[in-house]
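Here the working numbering is used: the sequence shown runs in plain steps of one and ends on residue 412.
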Amino acid sequence: MAQLNSNYLKLKAGYLFPEIARRVKAFTDANPEAAKRLIRCGIGDVTEPLPEAVRAAMHRAIDEMGTREGFHGYGPEQGYEFLRRAIAEHDYRAHGLDVADDEVFVSDGSKCDCGNILDIFGAGNRIAVMDPVYPVYVDTNVMAGHTTEADETGRYGGLVYLECNAANGFVPAIPDEPVDIVYLCYPNNPTGAAATRAQLEAWVAYALKHEAILLFDAAYEAYIQDADVPHSIYEIPGARQCAIEFRSFSKNGGFTGTRCAFTIVPKDLLAKTDTGERRPLHPLWNRRFSTKFNGVSYITQRGAEALYSPEGRAQVAALVELYMGNAAILRAAAAECGLSVFGGTNAPYIWVRGPQGRTSWELFDVVLNEANVVITPGSGFGLAGEGYFRISAFNSRANVEEVARRFKALSW
Ligand code: MLT
């Protein structure tokens, strides 16, 4: 009989968002009237239409595909040169950051890349994750067999948990032990916190000292409002020797359904072989791409390229402005309810501390049952998220204003 990957059996319950969807479905099935007024501020999925510049570019690409000369079959697995160049040029070199076109790997999503990256790392690494954490970092390590079973608190042996809390501004302290791989996500999902330059400098110094690799998830980079918050880990000197950066078109260009993202793997980045030899990771990731992936569709990549055109940039800026305006409304509403509010100023997520003594899932149920609003329970992101909940600012302005009204009417 075939043997299954028993690491999957270690995973706790369902993945957070399907679990929320399951509970919401149970609620809406049982309450069809309330279901009609349901507003979803749970999963961070964009709501506004795809920018005009993207649609126009995709229409053109489809028409090209309808001609013999313009037809595209398999493309380069790592992405078309036009998109790799646009990314390296606009997101990095225009800001004085040294990223070559062929260090950009275009993919179908940052979630996928954050999980797939484990393919190029060995089994013996000590891995650190933040808590609260985007669950993909943890679950993919469980699937890869890098952990023990979870304990009664839901934490897995084999991972180093870096606690993020109100006292440290949701940026974890540098560990006092060496680890080999550290997942950092800034602007942060779920807490909405941003890391300062000094904090990122400390992480890069730590990584260089211990020859660790930072897996830096910058999917929400477009939401940074403060001028002194770094947009890329490569703004920190030395990061090319110790960091991989993940970025996405999902949240800036509205590509959650269209699917396109990219990962930067600098050629300077080394890791050691079983025999202790230092070798670059770039060829391994390149090899993984050409073996396991056939690239993002030409049409989608042309759409992503259009985000860098003057019209595309203006349209992205308008989307960011809308969602950040929503974040301000939601922040103010939660604060008016007497709750402690974090995030939402450099990120589209508001992280709220519920009243003392209420668990995150209790708060989820109250908000769902009484306000008919879907939020995300903080404990779904880890032990340190207990007692908190996350509100996503991805919604229409009308819905956000309605959520604010309902929050204020709730007896917390
Ligand atoms: C979230 O709600 O945390 C995000 O939508 C997750 C994701 O981008 O995969």
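All residues carry an ideal CB built from backbone N, CA and C; glycine is no exception.
Quick one: what's K272 bridged to in DSSP? R278
Determine the extent of the beta strand (DSSP E) in which C185 is found, giving its start and end residues. 181-185
Buried or exposed for P377, going by 16 or more other Cβ atoms inside 10 Å? buried
Use the C-beta contact count for G70: other C-beta atoms within 10 angstroms, 16 or more gives buried, fewer gives exposed. exposed
If you reduce the DSSP assignment to three classes, tell me which class Y308 lands in. coil
What residue from F246, W351, S107 has the CA that sits closest to E77's CA? S107
Taking the straight line between their C-alpha atoms, what separation do you get for D180 and T263? 19 Å
Check whether the segment 355-366 touches the segment 210-229, taking contact to mean three or more Cβ pairs, one atom from each stretch, closer than 8 Å. no
Neighbourhood of A371 by C-beta distance below 8 Å, restricted to the same chain and skipping five residues each side: V403, R406, F407, A409, L410
Kindly confirm or deny that the segment 161-174 and the segment 188-200 touch, where touching means at least three C-beta pairs closer than 8 Å. yes
Closer than 8 Å: is that where the CB of A219 sits relative to any heavy atom of the ligand MLT? yes
Between R331 and R259, what straight-line distance do the alpha-carbon atoms span, to the nearest angstrom? 29 Å
What did DSSP end up calling W361 once you bin it into helix, strand or coil? helix
Would the C-beta of P190 count as close to the ligand MLT, meaning under 8 Å from any of its heavy atoms? yes
Can you tell me where the beta strand (DSSP E) with L200 in it begins and where it stops? Looking at the DSSP string, L200 is not in any beta strand (DSSP E); the run it does join, the alpha helix (DSSP H), is 197-210.
From this set, N395, E177, M324, Y186, which residue's C-alpha is nearest L375's C-alpha? Before going on, a small fix: residue 375 reads as Ile here, not Leu. When only C-alpha atoms are compared, the closest one is N395.
Stretch pair the segment 202-209 + the segment 124-143: three plus CB contacts closer than 8 Å: no
Hey, G253 and P51 are a contact pair by Cβ (cut 8 Å); roughly how many whole angstroms apart? 6 Å
In this structure, how does DSSP classify A243 when only helix, strand and coil are distinguished? strand
By Cβ distance, which residues of its chain are closer than 6 Å to G109, with the 5 residues on each side in sequence left out? R259, A261
Distance cutoff 9 Å, beta carbons only. Does S360 sit that close to anything in chain C? Structure shown: chain C not included; a single protein chain is present.
Within a Cβ cutoff of 7 Å, which residues of the same chain sit near A384, ignoring the five residues on either side of it in sequence? D131, P132, E163, C164, N165
Would A86 and Y298 qualify as a contact pair, given that the criterion is a beta-carbon distance under 9 Å? no
Using only alpha-carbon positions, find the residue among E336, Y349, S392, I329 that is nearest to E401. I329
When the distance is taken between beta carbons, is K10 closer than 9 Å to V142? yes
V136: beta carbon under 8 Å from a heavy atom of the ligand MLT? yes
Determine the contact status of L368 and R22, defining contact as a CB-CB distance below 9 Å. no
I need the boundaries of the alpha helix (DSSP H) containing E402, first residue and last residue. 397-409
Check: F246 C-beta below 8 Å from any heavy atom of the ligand MLT: no
How is E103 classed by DSSP in three states: helix, strand or coil? helix
What residue ranges within the segment 137-191 form continuous beta strand (DSSP E) runs of no fewer than 3 residues, ordered along the chain? 159-163, 181-185
Give me the Cα-Cα distance between E413 and L319, rounded to the nearest whole angstrom. Residue 413 cannot be examined here, being either before or after the span of the chain that is shown, 1 to 412.
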